[in-house]
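Working notes for the structure below.
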Amino acid sequence: MSTISEKELSDFRNDAAAWFAENTNADPGFMLPLTFMEVGTDQQFNFLRDWQNKVYEAGYLGAAWPKEYGGGGLDQKFQTIATEEMARANGPIMLNAIGLNWAGPLILDMGTDEERKRYIKGILSAEDIWCQGFSEPENGSDLGNAQTKAVRDGDDWVLNGSKIWTTQGNYAKYMILLARTNPDAPNKYAGLSFFLSPMQVEGIETVPIRKLTGEYGFTQTFFTDARIPGDSLMGKEGEGWLVAMRTLEYERGVKGGQPGGYVMRASDPFEIVELARKATRGGKPALEDPVIKDQLIQLMIEARSLQLNSKRGHIQPLVQDKPASLALSSKLMATEFMRRLNEFAITLQGQRGAYYVGEPDAYDEGLWQRAYLNSFSATIGGGTSQIQRNIIGEHVLGLPKS
Amino acid sequence: MSKKATIGFSEEQAQLLEVATTFCRDKSPIEKVRSLIEDERGYDDAIWTEMAELGWLAIAVPEEFGGIGLGMAEVVPVVEQMGHAMMAGPFVSTTLAAQAMLVSGTDDQKQKYLPGLCAGTKATLALSEPHGDWDLGHVECTAERAGDTLKLSGRKTFVENADTADLLLVSVSLDGAPALVLLERSALPEGALRREVVIDETRRSYQVTLDGAEVSTEGLLDSALTAAALTHVDLCASLLLSAEMCGAAASCIDYTVDYLQTRKQFGKKIGSYQALKHPIVDAHVGYEQARSHLYCAAFNFTQQGEGEVATRIAKAQAGDALSFAADRAIQFHGGFGFTYDCDAQLYRRRSLWCENQHGDAAYQRAKLADLLL
């Protein structure tokens, strides 16, 4: 690889900074979702789809993905810079999260050349929204027990069953789908296959799920004799578990290869410091309370832990005892941290912690309350924190299976 | 605190980590740790000599004083591995005495003592007092001038390995302000030392009664720099305690996991029960965080401001991590965990020592609040 000069990088950064300063609209006049799982209205959806498309067209998303499939073909350093500048400008999230961070890297990694050509560009441009069909109403944490059926019929596959927690299911053109192709396989995993399934097909119906916040963002997906083309199968029949596990590595951030940008806006302990200045305890700012200070510092330390763990993960001598440890624990740590951070932000508010979105007197328009309730989507989705602890216990510490 | 925390690892750190890992594992198996508990000295002088020959005492001392010219960052992996193997001895106290001298020693003192400290002369710190305050500026022992002599009085506590240290660095109140003075152990009157009974039995800790001890004023470090020297020693000590605790946490978790992988109850290995599996994972994740903070603190140690922040975070996190891991280690060993034969108690006792030297986690967070909020 040719070496990249500092000048090239700094020029790129200057251009990106200028572009994001010029084009970012962080306040369109309605509430923007903090995460890709909170896209509840068409207004939000359309705004974010346009935004992602614009960022992509400007060359600041997928900059390091291969050019032949629609990426920018540049070194990863350029995309990292672009993402940093996006964050600096307080840019809204990238909409097509499942496509960008899970399906896209998976297809580049394990897909055929034809699949890459067919899907990658639409993922980056947000023209093709992707969703994920893994969890089922009866099979959440026990993903390997998925029962949605795919039966070969001529050149097609016929789907029956139901998937749940389909993020953006109502908007999606494609689904990464784990389905049972052989109910008589020697074990439950061997009967599974993986599909890149079209969604706009007769027999596939999505029904919005109302979240604990009262809002939307997920659907349940029903398959009733839905017929999808034979070439929707990814990999070989019966290898679905393998592909699904790889997908989860992308989902949980264990494996890199994502196209950049971000699909969640994390709350920042430094923002909570501002809240602690506003809220009061005994007539004084809560920030002067020694117990509050202790908790705040603890949270700031944990925020730093996440940053430092990911940096230490690249220093080989410091991870050689248990090489998979930091990567496998990052999801647990990050999501549990966000939950507790948002929870603390509510208790900080004193009596006004009981206000909610819509109440004019709520601090910060009630965003902490909503963020706390929404934070469970991450501690439950993608493998609950309890499942994560099993994974770390078994795969990092070598404990026997539960 | 900068929003972006940084971490780095030098080639020298990597080499020292590798060498120290093997050395400490080979020289300090757990049977040896236990046999040294019964030994009055508490450490193996032959191993001390080997460490001196490896140059470990010289790591953070400049070359002009007989050192290697690296920094505290390179001492960290060594102490981490000593903690992993539960080693004890005067390595840390000697390193800290050298650091104090580098900040506020006179040129004559540095020339006179540092080459020796690099080569294996043992030193210790006499900074604590019966009041038990973590603030090293709180000094009640006194020194009175009598011509060129200082007459010392008062009592120092938690003086590690005072019985075998050649040199003591003592804090006293002189002319109404804290001062540091170098005292050769031979200058202490008969009966000045009393061994303390401490919770970590691998350590040797002494009270030193200064009454009757006299020292030339040439032993005084530069009094204008006393505060700087005490702050530096406090942070160096916190950094190395963090290293020791991280190392101990790693081996404590391994020790417990071993048991969870072998002990059976109700026909199943107990590590398959989530009531045990999940908390040990939490302990492991806590250790991983602490280790990231440790090497962040090592990397940033010389940075004004950020060095102190990172070090105090490292001390708080390592203390919490080892304390939790060792507490659960006892519990998860069940009845065996309640016996003297189970190593879990060694870890818990060590964590209670380390946490309570130079400020526990809550103390560090309070300091951080002053720095950051």
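These protein sequence lines map, in sequence, to chains A and B. Using the numbering used here, the first residue of the first sequence is number 1, and each one after it goes up by one. Using the numbering used here, the first residue of the second sequence is number 403, and each one after it goes up by one. Backbone N, C-alpha and C fix where the C-beta goes; we use that ideal spot for every residue, glycine too.
Taking all protein chains shown into account, decide if residue i is buried (16 or more other Cβ within 10 angstroms of its Cβ) or exposed.
i: A:Val207; result: exposed
i: B:His686; result: buried
i: A:Ile392; result: buried
i: A:Leu212; result: exposed
i: B:Val599; result: exposed
i: A:Thr247; result: buried
i: B:His760; result: buried
i: A:Asn14; result: exposed
i: A:Phe12; result: buried
i: A:Ile81; result: buried
i: B:Val463; result: buried
i: B:Pro580; result: buried
i: A:Glu38; result: buried
i: B:Ser607; result: buried
i: B:Asp636; result: buried
i: A:Ala16; result: buried
i: A:Phe195; result: buried
i: A:Ile292; result: buried
i: B:Thr523; result: buried
i: B:Lys512; result: buried
Spatial neighbours of residue i within its chain, please: C-beta separation below 6 Å, excluding the five flanking residues on both sides.
i: B:Cys698; result: Ala407, Ile409, Ala712
i: A:Met1; result: With a pLDDT of 48 at A:Met1, under the threshold of 50, the modelled position of that residue is not reliable, and the figure given next carries that caveat. Within the same chain, A:Met1 has no close Cβ partners at all.
i: A:Arg227; result: Asp156, Val158
i: A:Ala97; result: Phe36, Val263
i: B:Leu590; result: Ala615
i: B:Glu465; result: Gly471
When the Cα atoms are used, what is the spatial distance from residue i to residue j?
i: A:Thr224; j: A:Tyr119; result: 25 Å
i: B:His540; j: A:Gly214; result: 57 Å
i: B:Phe726; j: B:Gly473; result: 30 Å
i: A:Asn23; j: A:Ile93; result: 14 Å
i: B:Tyr689; j: B:Ala652; result: 7 Å
i: A:Gly203; j: A:Leu9; result: 50 Å
i: A:Ala327; j: B:Asp446; result: 40 Å
i: A:Asn374; j: A:Gln43; result: 20 Å
i: B:Pro479; j: B:Ile601; result: 25 Å
i: B:Ile672; j: A:Ser325; result: 22 Å
i: A:Phe337; j: A:Ser330; result: 10 Å
i: B:Leu627; j: B:Leu519; result: 21 Å
i: A:Tyr250; j: A:Leu242; result: 13 Å
i: B:His680; j: A:Thr384; result: 13 Å
i: A:Phe45; j: A:Leu95; result: 8 Å
i: B:Leu632; j: B:Gly709; result: 15 Å
i: A:Ser402; j: A:Asp142; result: 13 Å
i: B:Leu662; j: A:Thr83; result: 43 Å
i: A:Asn139; j: A:Lys236; result: 23 Å
i: B:Asn758; j: B:Lys717; result: 11 Å
i: A:Pro105; j: A:Ala87; result: 22 Å
i: A:Leu348; j: A:Leu332; result: 24 Å
i: A:Trp19; j: A:Lys173; result: 30 Å
Once the 5 residues before and after residue i are set aside, which same chain residues still bring their CB inside 7 Å of it?
i: B:Ala487; result: Cys426, Arg427, Ser430
i: B:Ala728; result: Cys654, Ala746, Tyr749, Arg750, Ser753
i: A:Lys117; result: Tyr69
i: A:Gly230; result: Asp155, Asp156, Trp157
Identify every residue that forms a DSSP beta bridge with residue i.
i: A:Pro259; result: Looking at the DSSP assignment, A:Pro259 forms no beta bridge with any residue, so it has no partner.
i: A:Lys163; result: A:Thr221
i: B:Thr508; result: Bridge partners of B:Thr508: none, in fact.
i: A:Met264; result: A:Thr35
i: A:Lys121; result: Partner(s): none; A:Lys121 has no beta bridge.
Looking only at its own chain, which residues have a Cβ that is under 8 Å from the Cβ of residue i, when we skip the five neighbours before and after it?
i: B:Leu456; result: Val421, Phe425
i: A:Gly382; result: Leu248, Glu251, Arg252, Lys331
i: B:Leu459; result: Met453, Phe493, Thr496, Thr497, Ala500, Leu519, Cys520, Ala521, Gly522
- Query: Is the stretch 549 to 561 of chain B touching the stretch 605 to 612 of chain B in the sense that three or more CB pairs, one from each, lie closer than 8 Å?
  - Reply: yes
- Determine, using beta-carbon pairs with one atom in the stretch 573 to 584 of chain B and one in the stretch 527 to 546 of chain B, whether at least three such pairs fall under 8 Å. yes
- Query: Does the stretch 374 to 394 of chain A come within contact of the stretch 446 to 459 of chain B, defined as at least 3 CB pairs closer than 8 Å?
  - Reply: no
- Query: Between the stretch 175 to 185 of chain A and the stretch 3 to 20 of chain A, do three or more beta carbon pairs fall short of 8 Å?
  - Reply: no
- Query: Does the count of Cβ pairs from the stretch 727 to 743 of chain B and the stretch 305 to 313 of chain A closer than 8 Å reach three?
  - Reply: no
- Item | Any 3 or more C-beta pairs closer than 8 Å across the stretch 762 to 770 of chain B and the stretch 289 to 307 of chain A | yes
- Sufficient close CB pairs (3 or more, under 8 Å) joining the stretch 161 to 178 of chain A to the stretch 121 to 134 of chain A: yes
- Message: Does the contact criterion of 3 or more C-beta pairs under 8 Å hold for the stretch 252 to 272 of chain A versus the stretch 25 to 39 of chain A?
- Response: yes
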